Amino acid sequence: MDKTRRPAPASIDAYIAGFGPEVRAVLRKIRATVWKAAPQAEEKISWGMPAYTQDGVLTFFAAFKDHVSIFPGPEGIERFKKELAPYGTSKGTVKFPLGTPVPYGLIARIVKFRAKENKARAAAQRAKTTG
């Protein structure tokens, strides 16, 4: 799907609704996985895709023609490098090919790691400004 020609969806529900049944099922499961891993996260559309923030960015996710991706940033990729080896990765992106099992448990661990990392960074920043 050519992401450059689609207008930004008004909501995550609208984003997910724009795909076929197989992709919608995967996106819904990723969404539920992120919510379960970080129930305090803020959910929004950013850069035209679902985004989750909590003391900073946790992850984005998106669907493409042949894969779905999460975007946990370079720290998330580096920390789980070995477990992510079977999937296509780049500096801040993981690609899960459509038609293959998506490692939802791994996604949950990545999101929890990012939430913990963001919380520590925010606490350090607060200590720096108040101390």
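When we follow this note's numbering, the leftmost residue of the sequence shown carries the number 343, and every step to the right adds one. Positions of the beta carbon are idealized from the N, C-alpha and C atoms, including for glycine. Model, not experiment: these values are computed from the prediction.
What's the gap between the Cα of residue i and the Cα of residue j?
i, j, result
"T431", "T472", "39 Å"
"F361", "V410", "11 Å"
"Q467", "A352", "33 Å"
"K437", "I412", "7 Å"
"D344", "R373", "Caution applies to D344, whose pLDDT of 48 falls short of 50 and renders its modelled position unreliable; the model cannot decide the point."
"P445", "E385", "21 Å"
"A457", "E425", "19 Å"
"T435", "A469", "31 Å"
"A450", "A380", "8 Å"
"R421", "W389", "24 Å"
"P363", "K378", "22 Å"
"K371", "D408", "17 Å"
"A367", "P443", "12 Å"
"K454", "K423", "16 Å"
"V399", "N460", "8 Å"
For residue i, count neighbouring Cβ atoms within 10 angstroms of its own Cβ and tell me buried if that reaches 16, exposed if not.
i, result
"T401", "buried"
"P439", "exposed"
"G447", "exposed"
"T375", "buried"
"L463", "In the sequence under discussion, the amino acid at residue 463 is Arg, which differs from the Leu named in the question. When all chains shown are included, R463 counts as exposed."
"A356", "exposed"
"F406", "exposed"
"T346", "Note that T346 scores 48 on pLDDT, short of 50, meaning its location in the model is unreliable and no value can be drawn from it."
Suppose contacts are defined by Cβ-Cβ distances below 7 Å. Is residue i in contact with residue j by that definition?
i, j, result
"G415", "I452", "no"
"I387", "L369", "no"
"M391", "A404", "yes"
Does the pairing of the segment 390-398 with the segment 418-434 give three or more beta-carbon distances under 8 Å?
-> no
Run through the segment 397-455 for me and flag every whole beta strand (DSSP E) of 3 or more residues, listed as ranges in chain order.
-> 399-405, 409-412, 436-439
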